[in-house]
Structure formats: structure tokens, C-alpha cells
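Trainee: Residue 1 is where the sequence shown starts when you use this note's numbering, and the numbers rise one by one after that.
In this text, a Cβ means the ideal position worked out from N, Cα and C, and glycines have one as well.
Small disclaimer: the values here were computed from a predicted structure and weren't measured.
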Amino acid sequence: MRRLLLGKSGIEVSELCFGALPMGPLQKDLDMESGSAVIARALEGGVNFIDTAQLYRTYSLIRAALERVDRRPVIASKSTAADYDGMRRAVDEALEALGVGRLDIFHLHAARADVDVFERRRGAWQCLLDCRAAGLIRAVGISTHTVPVVERAAAMAEVDVVFPLLNFQGTGILQGTVATMIAAIRRCLAAGKGVYLMKVLGGGCLVGEYHRAFAYVRRLFPDVPLAVGMVSEAEVDYNLAYFTASEAERAAMPPLPAAAKRFQVVAVVCQRCGTCVGACPNGAISQAAADQVPVIDPQLCLRCGYCVGECPEFAIRMV
Ligand code: SF4
Ligand code: SF4
1 MRRLLLGKSG
11 IEVSELCFGA
21 LPMGPLQKDL
31 DMESGSAVIA
41 RALEGGVNFI
51 DTAQLYRTYS
61 LIRAALERVD
71 RRPVIASKST
81 AADYDGMRRA
91 VDEALEALGV
101 GRLDIFHLHA
111 ARADVDVFER
121 RRGAWQCLLD
131 CRAAGLIRAV
141 GISTHTVPVV
151 ERAAAMAEVD
161 VVFPLLNFQG
171 TGILQGTVAT
181 MIAAIRRCLA
191 AGKGVYLMKV
201 LGGGCLVGEY
211 HRAFAYVRRL
221 FPDVPLAVGM
231 VSEAEVDYNL
241 AYFTASEAER
251 AAMPPLPAAA
261 KRFQVVAVVC
271 QRCGTCVGAC
281 PNGAISQAAA
291 DQVPVIDPQL
301 CLRCGYCVGE
311 CPEFAIRMV
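#1: Could you name each continuous alpha helix (DSSP H) segment of 4 residues or more that falls completely within the segment 136 to 170, going from the start of the chain to the end?
#2: Counting only the same chain and skipping the five closest in sequence on each side, list residues whose C-beta sits under 7 Å from that of Thr-177.
#3: May I have the straight-line CA-CA distance separating Glu-249 from Ile-105, to the nearest angstrom?
#4: Tell me the DSSP bridge mates of Arg-3?
#5: Any idea what DSSP makes of Val-115, helix, strand or coil?
#6: Can you name, in chain order, every residue of its own chain whose Cβ lies under 6 Å from the Cβ of Cys-131, other than the five neighbours on each side?
#7: What would DSSP say about Val-82, mapped onto helix, strand or coil?
#8: Going by alpha carbons, who is nearest to Glu-12 out of Val-74, Arg-89 and Leu-30?
#9: Which one or two residues does DSSP pair with Asp-51 in a beta bridge?
#10: Regarding Glu-313 and ligand 1, is the C-beta to nearest heavy atom distance less than 6 Å?
#11: Is it buried or exposed for His-145, if we count other Cβ within 10 angstroms and need 16 for buried?
#12: Going by CA-CA distance only, name the one from Ile-182, Ala-82, Asp-51 and His-211 that's closest to Met-230.
#13: What beta strand (DSSP E) runs, 3 residues minimum, are completely inside the segment 242 to 274?
#14: Short of 6 Å in beta carbon distance, which residues of its chain neighbour Lys-199, apart from the five on each side in sequence? Order them along the chain.
This is the structure in C-alpha cells:
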């Protein structure tokens with residue numbers, strides 16, 4: 001597994017980053033035994049980078065995995081806290097729950113926030129800077145789906161790491177296009193920011209085009225780590241094989257089996273707007289009432305992914 005430096009942070013990580021969202025209670029909800037086994041398998045296979053968040057509620061799974069393999073990977077987390085005290089509680093919670101003396105990377109969790117996010121959440125951002133100065137966090141940054149926020153982060157000296165979204169289809173990119181997101185990421189890299197990418201598989205809807213999706217971003221950004229959500233040891237093994245294979249070996253790999261996967265609405269993200277109900281060409285999505293989270297019928301779902309791009313909140317994911 002290739003190791004890459006995250007900008008000027010001095011933090012060295014594996015090219016494959018373990019994305020902890022899908023295994024947690026918001027999506028697949030693996031139990032302690034199977035969840036920690038999945039993470040441990042990735043760590044034993046050469047992954048040394050885990051991305052999580054306060055919102056994902058996966059700290060206990062990660063801690064159990066670290067105890068299983070007795071390794072200390074680089075851990076990035078994030079919080080949606082709006083003010084100083086809330087962010088401080090989030091940092092303390094991460095330190096305590098993960099059982100570590102220092103956090104490697106901590107972001108403003110700002111998926112859909114506008115370009116003024118650093119002003120709107122000034123207290124939370126100041127807290128991260130103070131925690132970095134106090135030695136509680138090595139590097140601070142922002143996770144975002146929004147092109148102007150990536151551009152803004154490139155110009156801010158105090159930002160160490162940026163975690164933007166990119167896939168060849170543009171699924172989930174806000175206030176911009178694939179081209180403008182690529183340009184913004186390039187500006188971050190030119191400014192010495194550490195960058196790693198999320199949603200290369202479009203939240204799961206590009207899993208049938210796994211090789212094309214990864215080849216696309218790796219060609220554009222060969223030295224940028226990629227966060228990939230994993231919920232089974234079979235998925236870990238496939239990703240490990242892909243990220244350690246030669247070009248010829250990769251070409252000979254069978255496609256990633258996607259039969260067991262399904263689309264699901266992430267309740268905490270969904271705003272109950274109902275847009276997805278009309279967007280599904282197969283009538284697979286229903287909403288019992290205006291204040292209810294829509295439900296996707298797996299018997300009717302064709303796994304086309306159309307609803308993923310239509311959802312303004314990026315609340316529909318494949319798990
Ligand atoms: S479009 Fe997205 S936010 Fe709106 S109801 Fe559907 S899943 Fe929820
Ligand atoms: S993936 Fe396609 S078929 Fe399935 S719910 Fe979404 S739009 Fe409907």
C-alpha cells in the first residue's frame with residue numbers, strides 16, 4: 001500500500017483511507033464484533049488512515065479495532081458543532097472515546113455549508129485552532145461538498161487539510177461542477193494543503209463502475225488518498241487488492257460484487273422534502289407523510305442511482 005504525505009502537515013497516510021460512515025448506526029449498523037473485525041482487517045492489510053465523525057457514532061468500533069490489532073493509525077474526525085463550547089466538547093469526546101492522547105486531524109464537518117462557514121462557525125473554528133496550538137490536534141481542516149468552500153480553504157493559511165468530494169459523475173458536488181471542483185482541489189494542493197477525497201463512488205451509486213471511478217480520480221490526483229466506506233471483510237479485501245495491484249493485475253480483477261448492497265435514506269441528513277419520491281423512475285420510494293423520512297423498497301429499486309443526484313441533501317446512500 002502506497003504511503004502519501006498530507007500536504008505540509010507531516011502526516012503520512014495510506015492511499016486507501018477507511019471511511020467509517022457506512023458501517024455505523026446511520027447506515028449498516030454493524031455490531032461491535034463484526035464492525036471492529038472489518039476495521040482490523042483493513043489495518044492488518046496496510047491501511048493506516050481512518051476517517052470518521054462525531055455524527056457517525058463509530059468511535060467505539062474504531063477503538064475496539066485498535067485494541068484488536070494493537071496499531072495506531074492516523075484518525076481524522078469532524079464535528080458539526082456551531083460554536084466554541086460545542087466543538088470543545090466534540091474534541092474531548094473524540095479523545096476520550098477513541099482512547100488517544102492526541103487527535104491527528106479534526107475538521108469542521110461542513111458538507112453543505114456555504115462559503116461563509118468560517119465566519120458562521122467562527123467559535124468552532126477558533127476552538128480547533130486553539131486545540132491545535134495546545135497539542136490536542138495535529139492538523140485542522142474542513143470536510144465539504146461545496147466548490148467555493150474548497151476554494152476558500154485553499155487561500156486560508158490556518159487550514160492544514162481539506163476533505164472534498166469528487167467523482168467522475170459529479171454526484172453530490174455543490175455550487176460547481178466536476179471541472180470547478182478539480183480546479184479548486186488543485187489550488188489546495190498548490191497551496192500545500194493536505195487533501196484526501198470522499199465519495200469517489202458517489203455514495204455507492206457508482207459501485208458498478210468501481211474501476212472507472214477510481215481510475216478517474218487516481219489519474220487526476222495520483223498522490224491524493226481516497227476515503228472508501230467499507231462494511232464487510234470482503235469489501236476490505238477487494239479494496240486492498242485493488243490498491244496494491246499492478247495495472248495488469250487490476251485489469252484482470254473481477255468487478256466488485258454489488259448484489260448485497262441497497263440504497264437507503266440516511267434519516268439524520270434527510271430534510272423530508274419529498275423530491276426523491278418523484279425522481280425515482282421505478283416508484284421505489286414512498287413517503288408516508290410530509291414529516292416522515294422516505295423509504296426505498298428494495299424489491300422495486302433498480303439501483304440506478306438517479307435519486308442520489310436528485311436529493312439536495314445527498315441523503316441517499318448505498319449501504
Ligand atoms: S430528496 Fe433527499 S432530503 Fe428530500 S426527502 Fe428525499 S432523501 Fe430526504
Ligand atoms: S436507485 Fe433508482 S430505482 Fe432505486 S430508489 Fe433510487 S431512483 Fe429509484
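Mentor: With the structure as the only source:
#1: Counting only runs of 4 or more, we get 147 to 154.
#2: So the qualifying residues of the chain are Gly-170.
#3: Going from the Cα of Glu-249 to the Cα of Ile-105 covers about 33 Å.
#4: When DSSP reads this structure, Arg-3 sits in a beta bridge with Ser-14.
#5: Under the three-state reduction of DSSP, Val-115 is assigned to coil, being neither helix nor strand.
#6: Counting only Cβ-Cβ distances below 6 Å, and skipping sequence neighbours, we find Val-91 and Ile-137.
#7: The sequence given here places Ala at residue 82; Val does not occur at that position. In the displayed model, Ala-82 falls within coil according to three-state DSSP, outside both helix and strand.
#8: Taking only the C-alpha atoms, the option nearest Glu-12 is Val-74.
#9: According to DSSP, which records beta bridges pairwise, Asp-51 is partnered with Gly-19 and Ala-76.
#10: With a cutoff of 6 Å, Glu-313 counts as near ligand 1, since its C-beta is closer than that to a heavy atom of the ligand.
#11: Buried is the call here.
#12: The shortest Cα separation from Met-230 among Ile-182, Ala-82, Asp-51 and His-211 belongs to Asp-51.
#13: As summarised for the segment 242 to 274, the continuous beta strand (DSSP E) elements at least 3 residues long and confined to that stretch are 263 to 265, given in chain order.
#14: Excluding positions up to five away in sequence, the list reads Leu-165, Asn-167 and Gly-172.
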